[in-house]
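A.B. asks: Numbering (full-length UniProt numbering), first residue to last: 1 to 406. Here it is, the structure in full.
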Amino acid sequence: MGAVERVIVSGCGPVGAVMALALVRKGIPVTVLEADAEPKMDQRAATVHPPTVAMLAELGLLEDAFETGLQSPIFHFRDRASGELVAIFDVKVLEGQVEYPFVLQWEQYKLVRAVMKMLANDPLADVRFSTRLTDLGQTEDMVEATVQNEAGETEVLQARYIIGTDGGRSTVRRLAGIEFEGFTWEERFIKIGTQFDFIDAGTGYCTRNYFSDPDEWLNLFKVKGEDETGVWRGIFPVPANEPDEVAMSLAGVQRRLKGLFPKEGDYDIAYHALYAVHQRVAQTFNKGRVLLAGDSAHVNNPIGGMGMNGGIHDAMNLAEKLADVWYGRAQSDVFDRYTRQRRKAQVDFVQAQTIQNKKSLEERDPVLRREHLDRLRKTSEDIELHKKFLYRSSLFDSLSEANAVL
C-alpha cells in the first residue's frame with residue numbers, strides 16, 4: 001500500500017466499519033484507526049431501518065444480520081399512565097413498495113464484528129486497534145495523521161483523505177477546527193438491559209414499544225443478545241437533580257423496571273449505563289481533505305433509532321462521492337454536496353424528528369398530550385397516513401429529499 005494512496009478512517013464503530021467496507025468494495029485502500037484494543041461490545045444502537053437494511057445487503061452483510069438480528073416490523077405507542085395501547089404501526093404495510101418491509105434489531109457491535117470478519121483477509125484493509133490519532137495536518141495533496149500505538153510509539157501516516165468516524169467527541173473534528181453546534185439535554189438517559197421476557201409475562205407488548213408519560217416516558221425494545229435468548233432494553237429519562245449514584249444503584253435500576261412492570265423478586269440485570277444526551281450538528285462535514293460521518297458529524301437522542309442509521313447513510317453517500325473523486329469522475333467540490341445533502345438530512349429530519357419525539361413522549365399539558373395520542377391513533381388507523389408516517393419515521397423521506405439536493 002502506497003504511503004499516500006489510501007484513505008484513513010479514524011474510528012471503528014458501526015459507521016467507521018461500514019465506511020471502510022464500502023470503500024474497500026470500491027477498490028480504495030483504507031487504514032482504519034481505533035483507540036480501543038478490540039471492537040467494543042457496546043450496548044448502544046440496535047435499530048436498523050428498512051433503507052439501511054438495503055445498504056447492508058449491498059455490502060454483503062445480510063446473512064450475518066439475519067442470523068444474529070431480530071426482524072421487528074411492528075411497534076407500539078402506549079399511554080403509560082392509563083395503560084392504553086394507543087397505536088400499532090406495522091412496516092409490513094409497505095410490502096411491495098420497499099425491498100425490506102421490516103426493522104432489524106441488530107446490535108451495533110454485531111455489525112462491527114461482521115465487518116471485521118469481512119476485512120480480516122482483504123489486502124486493501126489495514127485495521128489498527130490500540131492506535132489513536134494525536135495530530136492532523138493537511139496540504140493541497142494529502143493529509144498527515146500522527147498516530148500513537150499502545151506502546152506509546154508514534155508514526156506519521158499520509159493519505160489522500162481522512163474520514164472522522166470517531167464519535168461525538170471526535171478528535172478528527174476537533175483537530176480540523178470544525179464547530180459542533182447544538183445543545184445538551186438537561187436530563188440524562190439510563191439504558192437498562194434485562195433478560196426478563198415482557199412478552200412471555202403477558203404484558204401485550206411487542207418487541208418495540210414507546211411509552212408516553214409526563215412523569216417518566218420510556219422506550220422498551222428487544223434484541224437477540226449473545227446467546228439469542230433475548231435481552232430487553234429500557235431507555236428511561238433521569239432528571240437533572242437525580243445523582244448519578246442513585247440512578248445507577250441496584251435499587252434505582254430495580255425501581256425503574258418495577259415501575260414499568262411490577263413483579264415478585266428483582267429483575268436480572270444484563271447491563272445498565274447512564275449517559276448525557278446531545279442534539280448537535282457539525283458546521284460542515286468536509287474541510288479540505290478532512291471528512292466527517294456519523295456521530296463525528298451529528299448526534300441526537302435515541303428516540304426513534306435514527307442515529308446509527310443516519311451515520312450509515314452518511315457513509316454510503318460519502319463512499320460513492322469519494323470513489324468518483326478517486327477515479328477521476330468528479331472534482332473534490334462534490335464533497336460540498338455531501339455536506340449539503342447529509343446536513344439537510346440531519347437538520348430537517350433527524351434532529352427535528354428526534355427532538356419532537358422526545359417532546360411528544362414527555363408532554364405534560366393534558367390537552368396537548370391527548371391531542372398527540374389521538375393523532376397517533378388516527379394515523380395508525382388510516383392506511384395512507386400509516387404509510388406516510390412510516391416513510392418519514394423509517395428515514396425513506398430523509399434519504400430521498402437529501403439525495404435530491406444539488
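Just so you know, even glycine gets a beta-carbon here, dropped at the ideal spot from N, CA and C.
For the beta strand (DSSP E) containing residue 193, list its first residue and its last residue.
C.D. replies: 188–194
A.B. asks: In the DSSP assignment, what residue or residues form a beta bridge with residue 208?
C.D. replies: In the DSSP output, where bridge partners are listed per residue, residue 208 has 221.
A.B. asks: Quick check on residue 240: buried or exposed, where buried means 16 or more other Cβ atoms within 10 Å of its Cβ?
C.D. replies: exposed
A.B. asks: Work out the CA separation of residue 87 and residue 402 for me, nearest whole Å.
C.D. replies: Approximately 29 Å, taken between the alpha carbons.
A.B. asks: Are residue 19 and residue 165 touching if we call contact CB-CB under 8 Å?
C.D. replies: yes
A.B. asks: Are the CB atoms of residue 250 and residue 192 within a distance shorter than 8 Å?
C.D. replies: no
A.B. asks: Helix, strand or coil for residue 363, going by three-state DSSP, please let me know.
C.D. replies: Correct three-state label for residue 363: coil.
A.B. asks: Could you pull the start and end residues of the alpha helix (DSSP H) that residue 383 belongs to?
C.D. replies: 383–393
A.B. asks: For residue 341, count neighbouring Cβ atoms within 10 angstroms of its own Cβ and tell me buried if that reaches 16, exposed if not.
C.D. replies: buried
A.B. asks: From residue 189 to residue 48, what does the alpha carbon distance come to, in whole angstroms?
C.D. replies: 21 Å
A.B. asks: Mark residue 368 as exposed unless 16 or more other C-beta atoms lie within 10 angstroms of its C-beta, in which case mark it buried.
C.D. replies: exposed
A.B. asks: Quick check on residue 257: does DSSP put it in helix, strand or coil?
C.D. replies: helix
A.B. asks: Would you mind giving the Cβ-Cβ distance between residue 268 and residue 198, rounded to the nearest angstrom? I have them listed as a contact below 8 Å.
C.D. replies: In fact, because the Cβ distance is near 13 Å, the residues do not count as touching under 8 Å.
A.B. asks: Using the Cα positions of residue 157 and residue 220, report the straight-line distance between them to the nearest angstrom.
C.D. replies: Roughly 44 Å separates the two Cα atoms.
A.B. asks: Return the first residue and the last residue of the beta strand (DSSP E) that residue 164 is part of.
C.D. replies: 161–164
A.B. asks: What is the rounded straight-line gap between the Cα of residue 6 and the Cα of residue 31?
C.D. replies: 7 Å
A.B. asks: Does the beta-carbon of residue 105 have 16 or more other beta-carbons within 10 angstroms, so that it is buried, or is it exposed?
C.D. replies: buried
A.B. asks: Ignoring anything shorter than 3 residues, give me the beta strand (DSSP E) runs that lie fully in the region 263–327, in order along the chain.
C.D. replies: 269–275, 278–282 and 290–292
A.B. asks: Looking at the strands, I want to know which residues DSSP matches up with residue 335.
C.D. replies: For residue 335, which the question treats as bridged, DSSP gives no partner whatsoever.
A.B. asks: Could you have a look at residue 198 and say whether DSSP puts it in helix, strand or coil?
C.D. replies: coil
A.B. asks: For the alpha helix (DSSP H) that contains residue 108, what are its first and last residues?
C.D. replies: 108–119
A.B. asks: Is DSSP giving residue 91 helix, strand or coil here?
C.D. replies: helix
A.B. asks: Tell me which residues share the same chain as residue 40 and place their Cβ nearer than 7 Å to its Cβ, disregarding the 5 neighbours each side in the sequence.
C.D. replies: 109
A.B. asks: Quick one: is residue 329 buried, meaning 16 or more other Cβ sit within 10 Å of its Cβ, or exposed?
C.D. replies: exposed
A.B. asks: If you follow the alpha helix (DSSP H) that residue 247 is part of, which residue opens it and which one closes it?
C.D. replies: 244–247
A.B. asks: Report the rounded CA-to-CA distance for residue 356 versus residue 169, giving the unit in angstroms.
C.D. replies: 24 Å
A.B. asks: If you count every other CB in all the chains shown that lies within 10 Å of the CB of residue 229, and 16 or more means buried, which is it?
C.D. replies: When all chains shown are included, residue 229 counts as exposed.
A.B. asks: Would the beta-carbon of residue 313 fall within 8 Å of that of residue 399?
C.D. replies: yes
A.B. asks: Counting C-beta neighbours from all protein chains within 10 Å, is the total for residue 46 16 or more, i.e. buried, or is it exposed?
C.D. replies: So residue 46 counts as buried.
A.B. asks: Just to confirm my understanding: we take residue 1, look at its own chain, exclude 5 residues before and 5 after, and list those with CB closer than 6 Å. What are they?
C.D. replies: Low local confidence applies: a pLDDT of 46 at residue 1 is under 50, so the model's placement there is unreliable, and no value is given.
A.B. asks: Taking DSSP as the reference, what is the three-state secondary structure of residue 1?
C.D. replies: With a pLDDT of 46 at residue 1, under the threshold of 50, the modelled position of this residue cannot be trusted, and the question is left open.
A.B. asks: Cutting at 8 Å between CB atoms, please list the residues of its own chain near residue 376, excluding the five before and the five after it.
C.D. replies: Hits under 8 Å: 77, 86 and 87.
A.B. asks: Since residue 160 contacts residue 142 with CB under 8 Å, what's their CB separation in whole angstroms?
C.D. replies: 6 Å
A.B. asks: Would you call the CB atoms of residue 243 and residue 216 closer than 8 Å?
C.D. replies: No, these two residues do not count as a Cβ contact at 8 Å.
A.B. asks: Going by CA-CA distance only, name the one from 315, 179 and 12 that's closest to residue 280.
C.D. replies: 179
A.B. asks: Pull up the CB-CB distance for residue 93 and residue 103, whole angstroms please, since I reckon it's below 8 Å.
C.D. replies: The pair is not a contact, with the Cβ atoms about 13 Å apart (cut-off 8 Å).
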